[in-house]
Amino acid sequence: MRKNIVAGNWKMNKTFDEADELVSQIIELLETKELGENTRMILCPPFPYLEMCTDYSNESYFSVGAQNVNDNEKGAYTGEVSAPMLASMEVEYCIVGHSERRAYYGETDAIVARKVDQLLKNDIRPIVCCGEVLEEREAGKQFDVVKRQITDGLFHLDAEAFGQVVIAYEPVWAIGTGKTATPQQAQEIHAFIRGLIAEKYGKEVADNTSILYGGSCKPSNAKELFANPDVDGGLIGGASLQAEDFVNIALAF
Ligand code: 13P
Numbered sequence: 008m009r010k011n012i013v014a015g016n017w018k019m020n021k022t023f024d025e026a027d028e029l030v031s032q033i034i035e036l037l038e039t040k041e042l043g044e045n046t047r048m049i050l051c052p053p054f055p056y057l058e059m060c061t062d063y064s065n066e067s068y069f070s071v072g073a074q075n076v077n078d079n080e081k082g083a084y085t086g087e088v089s090a091p092m093l094a095s096m097e098v099e100y101c102i103v104g105h106s107e108r109r110a111y112y113g114e115t116d117a118i119v120a121r122k123v124d125q126l127l128k129n130d131i132r133p134i135v136c137c138g139e140v141l142e143e144r145e146a147g148k149q150f151d152v153v154k155r156q157i158t159d160g161l162f163h164l165d166a167e168a169f170g171q172v173v174i175a176y177e178p179v180w181a182i183g184t185g186k187t188a189t190p191q192q193a194q195e196i197h198a199f200i201r202g203l204i205a206e207k208y209g210k211e212v213a214d215n216t217s218i219l220y221g222g223s224c225k226p227s228n229a230k231e232l233f234a235n236p237d238v239d240g241g242l243i244g245g246a247s248l249q250a251e252d253f254v255n256i257a258l259a260f
């Protein structure tokens, strides 16, 4: 059965001490409130804090993910971080194709595909983001956009490799805006994504794929979003920077 996942994407926030405090607060809360048996929490801190988080995660409350990876294995790419480096630090997940990386750093579907390959080669599970911008939604193009992102970024994989992938649908107009997709909007596109996967890989693979929602998800709306049959959790930005909010979102299943 597919997992419910609540992943915190800290983006470029927090100093080391603040990050350390956040993680200890999360652990403290998790010591008193138990997550659902089928729920996995993932923390995706900035690169410099990965080791601090994996050290804590030895206590096994959460998994650790990176926010980005380079699409090459190694070499003269100053400032970049490779999948083998992440694997050597016990990082289990990595976000790929976030809309901020697509918009500010030219991450195309072809680059997403290469990053996914690098990650899978190193046994790291990609959390692949897709989602339309406001103009595309207003023009009714959200299905075409998401289909292209999923097809070009992921459908070169065989079924076994695809089985390692987590998908995050993040409508760009909902990210950091306080404007959340309605539960109906989320369910509609999540069901569409699952349908695409079923067409390509069959129903079993589709049923086993976790599809997360991202975009202004918070404790007050998580429950109604996660109650949808095809919404398997969330990729959380702002609300993941606050321990109580983040844990409450994870308790919303
Ligand atoms: P917010 O939760 O801050 O809207 O961010 C969502 C996001 O981009 C997570 O990757």
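My numbering runs 7 ahead of the 1-based position in the sequence shown. The beta-carbon is built from N, C-alpha and C at its ideal position, and this holds for glycine as well. Owing to the predicted nature of the structure, the values given are computational and were not obtained by experimental measurement.
### Query
Is the beta carbon of MET19 sitting closer than 9 Å to the one on PRO53?
The count along the sequence shown starts at 1 and reaches residue 19 at position 12. The count along the sequence shown starts at 1 and reaches residue 53 at position 46. Contact: yes.
### Query
What first and last residue would you give for the beta strand (DSSP E) that runs through ILE204?
Taking the sequence shown and counting its residues from 1, the one referred to as residue 204 is at position 197. Segment 190-208 is the alpha helix (DSSP H) holding ILE204; no beta strand (DSSP E) there.
### Message
Below 8 Å, is the gap between the Cβ of GLY183 and the nearest heavy atom of the ligand 13P?
### Response
Numbered from its first residue, the sequence shown carries residue 183 at position 176. Yes, the Cβ of GLY183 comes within 8 Å of a heavy atom of the ligand 13P.
### Task
In angstroms with no decimal places, state the Cα-to-Cα distance between SER99 and ASP124.
Position 92 of the sequence shown, counting from 1, holds the residue named residue 99. Position 117 of the sequence shown, counting from 1, holds the residue named residue 124. The identity of residue 99 in the sequence shown is Glu, whereas the question assumes Ser. Using only the alpha carbons, I get a separation of about 15 Å.
### Task
Starting from the N-terminal side, write out each stretch of the alpha helix (DSSP H) that is 4 residues or longer and does not extend beyond the region 39-101.
57-64, 90-95
### Task
Please find out if some non-hydrogen atom of the ligand 13P comes closer than 8 Å to the beta-carbon of ASN255.
In the sequence shown, residue 255 corresponds to position 248, counting from 1. No - the ligand 13P has no heavy atom lying nearer than 8 Å to the Cβ of ASN255.
#### Entry: Buried versus exposed, by CB contacts within 10 Å (16 or more), TYR112
Position 105 of the sequence shown, counted from the start, is the residue given in the question as residue 112. It is exposed - the Cβ of TYR112 has fewer than 16 other Cβ atoms within 10 Å.
### Message
When you measure from the CB of ASN45 to every non-hydrogen atom of the ligand 13P, does any distance come out below 8 Å?
### Response
Indexing the sequence shown from 1 puts residue 45 at position 38. No.
### Message
Beta-carbon within less than 6 Å of LYS225's beta-carbon, same chain only, minus the 5 sequence neighbours each way: which residues are those?
### Response
As a first step, residue 225 is located in the sequence shown; it is residue number 218 there, counting from the start. For LYS225, where only same-chain residues beyond five positions count, the Cβ hits under 6 Å are ALA246.
### Message
Given this structure, state the Cα-to-Cα distance separating GLY183 from SER95, to the nearest angstrom.
### Response
Translated into positions along the sequence shown, residue 183 becomes position 176. Translated into positions along the sequence shown, residue 95 becomes position 88. Going from the Cα of GLY183 to the Cα of SER95 covers about 32 Å.
### Message
Looking at the ligand 13P, does it come within less than 8 Å of ILE33, judged from the CB to the closest heavy atom?
### Response
Indexing the sequence shown from 1 puts residue 33 at position 26. The answer is no for ILE33.
### Query
Closest by CA to PHE162, which one among ARG132, ASP130, LYS207, GLY147?
Residue 162 sits at position 155 when you count from the first residue of the sequence shown. Here the closest residue by C-alpha is LYS207.
#### Entry: Simplified DSSP state of ILE157, which is helix, strand or coil
Sequence index remark: in the sequence shown, residue 157 carries index 150 (1-based). Of the three classes helix, strand and coil, the one that applies to ILE157 here is helix, per DSSP.
### Query
Considering only C-alpha positions, which residue in the set VAL88, TYR176, TRP17, VAL212 is nearest to SER106?
Along the sequence shown, one-based indexing puts residue 106 at 99. Nearest C-alpha to SER106: TYR176.
### Proximity to ILE49 [Cα-Cα], best of GLU66, ASN79, ASN16, PRO55
Counted from its first residue, the sequence shown places residue 49 at position 42. The option with the nearest alpha carbon to ILE49 is ASN16.
### Task
Check whether the Cβ of ALA246 sits closer than 8 Å to any heavy atom of the ligand 13P, and report yes or no.
As a first step, residue 246 must be located in the sequence shown, where it is residue number 239. Result yes, Cβ under 8 Å from the ligand 13P.
### Task
Indicate the three-state DSSP secondary structure (helix, strand or coil) for ARG9 in the structure shown.
For the purposes of this step, residue 9 is identified with residue 2 of the sequence shown, where counting begins at 1. Looking at ARG9 - three-state DSSP - the assignment turns out to be coil, as it is neither helix nor strand.
### Query
Would you report the Cα separation of LYS186 and TRP180, rounded to the nearest angstrom?
If you number the sequence shown from 1, residue 186 lands on position 179. If you number the sequence shown from 1, residue 180 lands on position 173. Approximately 7 Å between the Cα atoms of the pair.
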